[in-house]
Amino acid sequence: MSAPNIETIVSLSKRRGFVYPASEIYGGLGSSWDYGPLGVELANNIKKSWWNWLVYERDDVEGLDSSIIQNRLTWKYSGHETTFSDPLVDCRACKGRFRLDKLQDVQCPNHSGVHPGDDKECDLTEAREFNLMFRTTVGAVSSDEDESALAYLRPETAQGIFINFANVLNTSRRKLPFGIAQIGKAFRNEVTPGNFIFRTREFEQMEMEYFVRPEDAPSIHQEWIDGFQKWIGSLGISPDNLKLYEQSKQELAHYAERTVDILYRYFPEREDEDKQWDELMGIANRTDYDLRVHSKKPEDAEGKRINPDSTDDLSYFDTQTNERFYPYVIEPAIGVNRTLLAVMMDAYTEKTNEKGETRVILKLKPDLAPIKVAVLPLAKNKPEIVEMAKKLKHDLQPSMRSVYDDTGGIGKLYARQDEIGTPFCVTVDHESLEDNAVTVRDRDTWEQERVSTSELKEYLSERLK
Ligand code: ATP
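Each step along the sequence shown adds one to the number in our numbering, with nothing skipped, and position 71 is 727.
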């Protein structure tokens, strides 16, 4: 099974310390969330998995960490200043403000259970475009309106990669095809954020730009679509809850030749199957659009430079064919937060114990689990048992994230670890003092095995693989 709805994960997250509402003590800030002790570990493990797979396990991808605030011209020439907007409508009846293409995701404030526009009382205005970039000013300016100091928080990490294309190419001495990968925060002043961490105004992206010869773009694009389905599967997400969506010509961004989204079943509670899905990631063939628009050389039909501000040309010289051209770019872009939500929903299961009580088990893949092993003393009033348990925790810690917990009876401690996805609990009991062995309990089967302390680290490492 997986979680019946997002709400189940919202309450588990708050209860156990994965995700909390941001600024909670001041009444919150619409759709902002803070990641607690377990959430930050899970997010880090997802990022590690992505980075390992792309940057370390392959030979053709470099990493990058570019600035969140770039020269405003970046966003002028990328097209974001003029086109990065969503269609906004107001409702004259309820005074709500909504994104026209996402009305199904929100409810009318006046009629619960009704989507804006679905009731005869709803009175929507014509749509107008609303730019999603957050504005700020750079330096000690006299007024927030000072246009010369205007800058934006990046709405995607991708542009930081494009404007560094020549830097990375020259310093890493790469040849096509190769990729540049980046993980970082992005900001969008979303009109209707919501559904927990699915759509927020501040979020984190994992984006890779993979540069290829134009004629190779279609086949390499397909390879990345297949590759990412496998990687998402490696996070433990069931193929039954994933599906591909081919964007139609009308939906494609102006720069894209083809885009395929990978959707996750974020809304299993919705009766209509078609409405259960939403985007986890997009994989686009962005053509040579971005490298061209940031380059100083290309000219328009009248012979005028399309970018008179750029000081560099982001073309590529192929020494084998003696050709110079702008590479095409394949972009797999995925949100850390949406991945974390999908991972938690998919790992969520319930199991009934012998007393007929329902227990939650988060069946996370061991490499994603925030905590790998919990060491629990059976009797916390027995100093020798406590000492042995604490020592075991310290011995395990350098090889696997371990915790010591003695804040409840053993049943409660097991239940807590199951709920946060800890693959193994190690229990130290009275017998352990005699036989130097401990009980290892498996999260998913609840089966227990006696293991000698001298073999414990090796035993756990093997089973965590
Ligand atoms: P959507 O159509 O849902 O607004 P998008 O197609 O605009 O998303 P992209 O620009 O392709 O999104 O961004 C790449 C990825 O970044 C998305 O697939 C998603 O995982 C993540 N993402 C985008 N916007 C948000 C957001 N507001 N909150 C959380 N994650 C986001």
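Ideal Cβ placement from N, Cα and C applies to all residues, glycine included.
Taking the Cβ atom as the reference point for each residue, do residue i and residue j lie within a distance shorter than 9 Å?
i: I628; j: K1021; result: Outside the shown range of the chain, which is 657 to 1121, sits residue 628, and nothing can be said about it.
i: G735; j: V949; result: yes
i: Y982; j: L1024; result: no
i: D1166; j: Q1053; result: Since the first residue shown for the chain is 657 and the last is 1121, residue 1166 is missing from the structure and cannot be characterised.
i: A837; j: M864; result: yes
i: V612; j: Y1115; result: The question about residue 612 has no answer here: the residues shown for the chain are numbered 657 through 1121.
i: K1046; j: H1086; result: no
i: L970; j: F818; result: yes
i: G999; j: L698; result: According to the sequence displayed, residue 999 carries Val and not Gly. Their beta carbons are under 9 Å apart, which means V999 touches L698 by this criterion.
i: Y920; j: N897; result: yes
i: R926; j: H877; result: no
i: T781; j: D742; result: no
i: A807; j: V794; result: yes
i: A873; j: N820; result: no
i: N963; j: I662; result: no
i: E718; j: S828; result: yes
i: S894; j: D1002; result: yes
i: I888; j: T995; result: yes
Looking at the structure shown, is residue i part of a helix, part of a strand, or coil, going by DSSP?
i: N700; result: helix
i: S1117; result: helix
i: T792; result: strand
i: V711; result: helix
i: K822; result: In the sequence on display, residue 822 carries Ala and not Lys. In this structure, A822 counts as helix in the three-state DSSP scheme.
i: K960; result: coil
i: I724; result: coil
i: Q878; result: helix
i: I893; result: coil
i: M657; result: coil
i: D1074; result: helix
i: A998; result: helix
i: M1044; result: helix
i: Y922; result: coil
Report the rounded CA-to-CA distance for residue i versus residue j, giving the unit in angstroms.
i: K1049; j: L1032; result: 9 Å
i: I725; j: P660; result: 39 Å
i: V696; j: M789; result: 26 Å
i: K1007; j: L1018; result: 11 Å
i: R1099; j: A1071; result: 9 Å
i: V1107; j: E1075; result: 24 Å
i: N993; j: L668; result: 16 Å
i: M1056; j: S1110; result: 16 Å
i: L1089; j: V1082; result: 14 Å
i: H767; j: F754; result: 15 Å
i: P954; j: E1118; result: 56 Å
i: T943; j: G959; result: 22 Å
i: T1014; j: A822; result: 57 Å
i: I1041; j: V1094; result: 11 Å
i: E979; j: D965; result: 25 Å
i: V797; j: N727; result: 16 Å
Which whole-angstrom value is the C-beta distance of residue i and residue j, which I expect to be below 8 Å?
i: F867; j: L832; result: 6 Å
i: L1120; j: P1079; result: 6 Å
i: P844; j: P811; result: The question names Pro, but residue 844 is Arg in the sequence shown. Going by Cβ atoms, the distance from R844 to P811 rounds to 5 Å, so yes, they are a contact pair.
i: A1030; j: V1059; result: 5 Å
i: L729; j: R784; result: Incorrect: roughly 26 Å between the Cβ atoms, too far for contact.
i: D917; j: G883; result: Going by Cβ atoms, the distance from D917 to G883 rounds to 15 Å, so no, they are not a contact pair.
i: M862; j: W706; result: 5 Å
i: G769; j: Q763; result: 7 Å
i: P849; j: G686; result: 7 Å
i: K952; j: T967; result: 6 Å
i: L997; j: I665; result: 7 Å
Closer than 9 Å, CB to CB, is residue i near chain D or not?
i: Y982; result: The structure shown contains no chain D, having only a single protein chain.
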